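To keep things clear, I will list the structure first and then write my remarks on it.
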Amino acid sequence: MRWKILVAKYQHNGKEQTYPNIKMIWWAGGGNFTHHQDTNRLIKAWQKPEMIVVSECYWTAAAKHADIVLPITTSFERNDLTMTGDYSNQHIVPMKQAVAPQFEARNDFDVFADLAELLKPGGKEIYTRR
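The opening residue of the sequence shown carries number 1 in UniProt numbering; numbering runs sequentially from there.
As structure tokens, then:
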């Protein structure tokens, strides 16, 4: 099978490989439940890890299946860059913050920068640049 994610072994480049025993998933960005070919299989796969963290600004299917949901700012609550267009005509567009972050929402950069610091003293400085 092409998408056999729930078994321990698989073939790759002529060799048998073993899937890692994933204890935690941190999902940040993208609509995995809306784009997956077999949602029931995804739900089953998400029951295996001990913990699932989702960084999300909306109450999505991924957020509903998470153990921890980190409230992330929307495009209106942060200064950032985004891309628009299609494969042959892409553009970078600056986003200017229109409103203050609501409730406890934080931007992804700050969340991961603080995580780097928690995992390694000085990690915020080592792994981030502004």
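No residue lacks a Cβ here, since even glycine has one placed at the ideal position from N, Cα and C.
The structure presented is a predicted model; accordingly, all values stated were derived computationally and were not measured.
Buried/exposed call for residue i, threshold 16 Cβ in 10 Å
i: residue 40; result: exposed
i: residue 25; result: buried
i: residue 107; result: buried
i: residue 3; result: For residue 3, the pLDDT reaches just 46, beneath the cut-off of 50, and the residue's location in the model is therefore unreliable, although a value from the coordinates is still provided. Burial call: exposed.
i: residue 15; result: exposed
i: residue 66; result: buried
i: residue 70; result: buried
i: residue 59; result: exposed
i: residue 122; result: exposed
CB of residue i within 9 Å of CB of residue j, strictly
i: residue 73; j: residue 49; result: no
i: residue 62; j: residue 21; result: no
i: residue 117; j: residue 99; result: no
i: residue 113; j: residue 127; result: yes
Beta-bridge partners of residue i, as assigned by DSSP
i: residue 10; result: 17
i: residue 82; result: 93
i: residue 154; result: Outside the shown range of the chain, which is 1 to 130, sits residue 154, and nothing can be said about it.
Neighbour flag for residue i against chain C, beta carbons, 9 Å
i: residue 34; result: In the structure shown, chain C does not exist; there is a single protein chain.
8 Å contact criterion, which residue i and residue j should meet: CB distance rounded
i: residue 135; j: residue 28; result: Residue 135 lies beyond the range of the chain shown here (1 to 130); nothing can be said about it.
- Message: Assess contact between the region 54 to 64 and the region 81 to 91, defined as three or more Cβ pairs (one per stretch) separated by less than 8 Å. Is contact present?
- Response: no
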